[in-house]
Amino acid sequence: MRKYLLSAIMMMIFIIPGVSADEVQFTASARKLVSVGDRFQLTYSVNSRDGKFVGPTIRHFRVLSGPNISTSQSYQVIQGKMSASVTVSYIYYLQSFEEGKFEIPPATLSIDGKEYKSNTLSIEVIKGNASGNNNTQRTSEKGKSSNTKDDVFLRAYINNKNPYQGEQVIVNYKIYTANVPISDIDFQKSASFPGFWVSNLRDLSKQIEPQEEVIDGREFLTGVLYKGALFPQKSGEITVSPKKLSCTAQLRSEGSKRTKDPFFDSFFDDPFFNKRYKNVRLEITSNALKINVKPLPITGKPSGFSGAVGKFKFESSVDNTELTVNDAVTLKLIISGSGNLELINTPEVNWPPDFEAYEPKITNNIRTSASGVSGSRTFEFLAIPRSAGNFTVGPIELSYFDPSNGSYKILRSDTFSFMVEKGDQQSTSVTYSGVAQEDIMYLGQDIHYIKTGSYPLTAKGAYLFASPLFYALLALPVILLLFIIILVVNSRKKKKNVALLRNRKATRVARKNLKKAKEYLSAQQREAFYTEVSRALWGYLSDKFNIPLSDLSMDSVSERLADKEVSEESISKFIEVLNNCEFARFAPGEGKGRMNEIYNESILLISQIEGELKS
């Protein structure tokens, strides 16, 4: 395959015709309208790979990078004949820093002694929002920054920049991308909106639906990341700070090695042959939003206005108008429409004094859609008449502000008449329907008796303070602290006494060595077994009596054990075991039975001497 590919490349080199001087096309392109602080791209394109490029003298713009050379190739095979076209681009990255209309003079290109000039560009720079610049950058492999703002950016939109206080406005945050695949989007959905009550309008469980949009002649894929309804809670100018977004963009990685032949460079830069990409984490900032919130007018403001802003309807009903004493009645009020429904206060119902009223049950049926917040709120009031008679309730008023025409409106319910008859005066039961039943109190049962019983009593004037128990508890921490200090000091003294530590660990170390000898016994490693037994016995004496191993001998062992009042029998047995070990190491032919016998005698002998030393 490598051989065939190389052959194909060589064929292309020799059969692709060059571009004649008469066919040279040399053009310049850039955005015609930019904002102060924007970064944009200036591109000079020519359909020939030959020639010497001389860039223009650029004023009124800051040159961030350039010229950067990019080459693209395209090939066609028609009726067995191959043709090719090449486009070489010289790219500048510029940044505007002052307002006005400016011209960028032509660039020049020399091919075979003939000079070509590009077209002149006219660019208008307008005043921009400082916080609206999407300072999106990516870091290249060499540590330099290159701008990707023109390809991936985030914008915020609002449908009304001059709302009334409490009026619903819709805000959208949209991401734009042009030919740059992005993934792993992390948007600050929980970012706060100071001065607003917020309701999310986008279903976060659904995926973003991409759409196509053309901006300044470029096609972008866009998607709504966040959509919310904002309800301003104060008047005046409120600034919504820029929101941040991070995402992973798949950018093409430039090749590090170049050849001396520009054709080879352009050929292998073709995406068909070179699909090297890298994932870059981008940090994107949206533009800020300035909203001028108008205060609600004072003129015509109803006395019962509680802050409802939007378009609403008002419905009312009761479940019964003919009652007996202690029967319950439910009054239902439904407020529906679009606006700040959740911020509407509970309507005021003036019940007659003979009615015992309870807190209403509130049911919200609020929907969020692309158009905003709408739905209904239901208030169910429960009341119980306590005496007979004819009573009226209402009309109940709901006043709200309609921002569409900038005026207040008042909605009124019907007037409800109730006929209450005397019931059985001896009955204390309550007949009810509707809601808030758990709040109903039964007459004659709503007052509880004083709790009775025996309770422990203490003598007057008896206090814990200044009592013997008080001082004992006060001294207890000091006593515990002293006890801990004494333990720590004694422990440190014992650790400093090396001889004492060795004496205490002598038996443990000897048993450890004998355990290792047991392993050699099982493996029938005769010489290693006797070596470990000798090491255990001599090490035990060295640690127990704090005698260096170099100073130990049969005579010194006998004298030291005799000084410690160890029996003659134990001393003789100890020396005998040592001699047997030494003899066995150099006398081949001892069987496993003899090794077991010496192992058991060593364990028994150390335990016996340890017992005599302690007694």
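So the sequence shown is numbered by the working numbering: it starts at 681 and just counts up by one. Backbone N, C-alpha and C fix where the C-beta goes; we use that ideal spot for every residue, glycine too.
1. Classify F1163: buried if its beta carbon has 16 or more other beta carbons within 10 angstroms, exposed otherwise.
2. Look at I1024 and A988 and say whether their C-beta atoms are less than 8 Å apart.
3. Can you grab the Cα-Cα spacing for the pair A1068 / W1031, in whole Å?
4. Go ahead and label L931 buried or exposed: buried means 16 or more other beta carbons lie within 10 angstroms of its beta carbon, across all protein chains shown.
5. From what residue to what residue does the beta strand (DSSP E) around F867 run?
6. With a CB to CB cut of under 7 Å and the five nearest residues on each side skipped, what residues in its chain are close to I862?
7. Using C-beta distances below 6 Å, list every residue in its chain close to I971, excluding the 5 sequence neighbours before and after it, in chain order.
8. When burial is assigned at 16 or more other CB atoms within 10 Å of the CB, is Q705 buried or exposed?
9. Take I865 and list the residues in its own chain whose beta-carbon comes closer than 6 Å to its own, dropping the five residues that flank it on each side.
10. In chain order, what residues of the same chain have a beta carbon less than 6 Å from the beta carbon of L1091, not counting five sequence neighbours either side?
11. Tell me, which residues are paired with R898 by DSSP?
12. Report buried or exposed for S1233, applying the criterion of at least 16 other Cβ atoms within 10 angstroms of its Cβ.
13. Short of 6 Å in beta carbon distance, which residues of its chain neighbour P975, apart from the five on each side in sequence? Order them along the chain.
14. Could you tell me the distance, in whole angstroms, from the CA atom of E1207 to the CA atom of E1277?
15. Measure the alpha-carbon distance for P1083 versus F911 and round it to whole angstroms.
16. Tell me the residue span of the alpha helix (DSSP H) that contains R1215.
17. Given this structure, state the Cα-to-Cα distance separating D945 from P786, to the nearest angstrom.
18. From the DSSP output, in three-state form, read off T1187 for me.
19. Between P624 and the rest of its own chain, which residues show a CB-CB distance below 7 Å, the 5 nearest in sequence each way excluded?
20. Report buried or exposed for Y1279, applying the criterion of at least 16 other Cβ atoms within 10 angstroms of its Cβ.
21. Applying the 10 Å Cβ sphere with the 16-neighbour rule, what's the burial state of M1275?
22. Assuming V1009 and F1071 form a contact by the criterion Cβ under 8 Å, report the distance between their Cβ atoms to the nearest whole angstrom.
23. With DSSP as the reference, label K1089 as helix, strand or coil.
24. Going by DSSP, what residues sit across from G1052 in a beta bridge?
25. Could you compute how far the alpha carbon of K1198 sits from the alpha carbon of E1239?
26. Using CA coordinates, which residue listed in P843, I784, F1209 is at the minimum distance from I803?
27. Which of the three DSSP states, helix, strand or coil, is assigned to S1171?
28. For S936, count the other beta carbons within 10 Å of its own beta carbon; 16 or more makes it buried, fewer makes it exposed. Which is it?
29. With H, G and I counted as helix, E and B as strand and the rest as coil, what does DSSP make of L962?
30. Taking the beta strand (DSSP E) that S921 belongs to, which residues open and close that run?
31. Just checking my contact of V766 with Q753 at CB under 8 Å: how many whole Å lie between their CB atoms?
32. I'd like the list of long-range same chain contacts for Y1200, defined as Cβ closer than 7 Å, with 5 residues on each side in sequence excluded.
33. Count the other CB atoms, across all protein chains shown, that sit within 10 Å of the CB of V878; report buried if there are 16 or more and exposed otherwise.
34. Determine which residues share a DSSP beta bridge with K907 and list them.
35. Within its chain, find whatever has a CB closer than 8 Å to the CB of K907; leave out the 5 residues flanking it on each side and keep chain order.
36. Expressed to the nearest angstrom, what Euclidean distance is found between the alpha-carbon atoms of P1040 and V1100?
Reading it off the structure:
1. exposed
2. yes
3. 14 Å
4. buried
5. 862-867
6. V832, C927, T928, A929
7. K841, I918
8. exposed
9. C927
10. F994, L1078
11. I895
12. exposed
13. Q845, S915
14. 15 Å
15. 13 Å
16. 1206-1225
17. Note on D945: pLDDT 47, under 50, position unreliable in the model; the coordinate value appears next. C-alpha separation (whole angstroms): 27 Å.
18. helix
19. Outside the shown range of the chain (681 to 1295) lies residue 624, about which nothing can therefore be said.
20. buried
21. buried
22. The Cβ separation is near 10 Å, so there is no contact.
23. strand
24. S1049
25. 30 Å
26. I784
27. helix
28. Residue confidence for S936 is low, a pLDDT of 41 falling below 50, so the modelled location carries little weight; the figure read from the coordinates is stated next. The residue in question, S936, is exposed, as its Cβ has fewer than 16 Cβ neighbours within 10 Å.
29. strand
30. Counting along the chain, S921 falls outside any beta strand (DSSP E), and DSSP gives it neither H nor E.
31. 5 Å
32. A1208, F1209, E1212
33. exposed
34. N852
35. I850, V851, N852, Y853, N880, L881, R882, A1050
36. 22 Å
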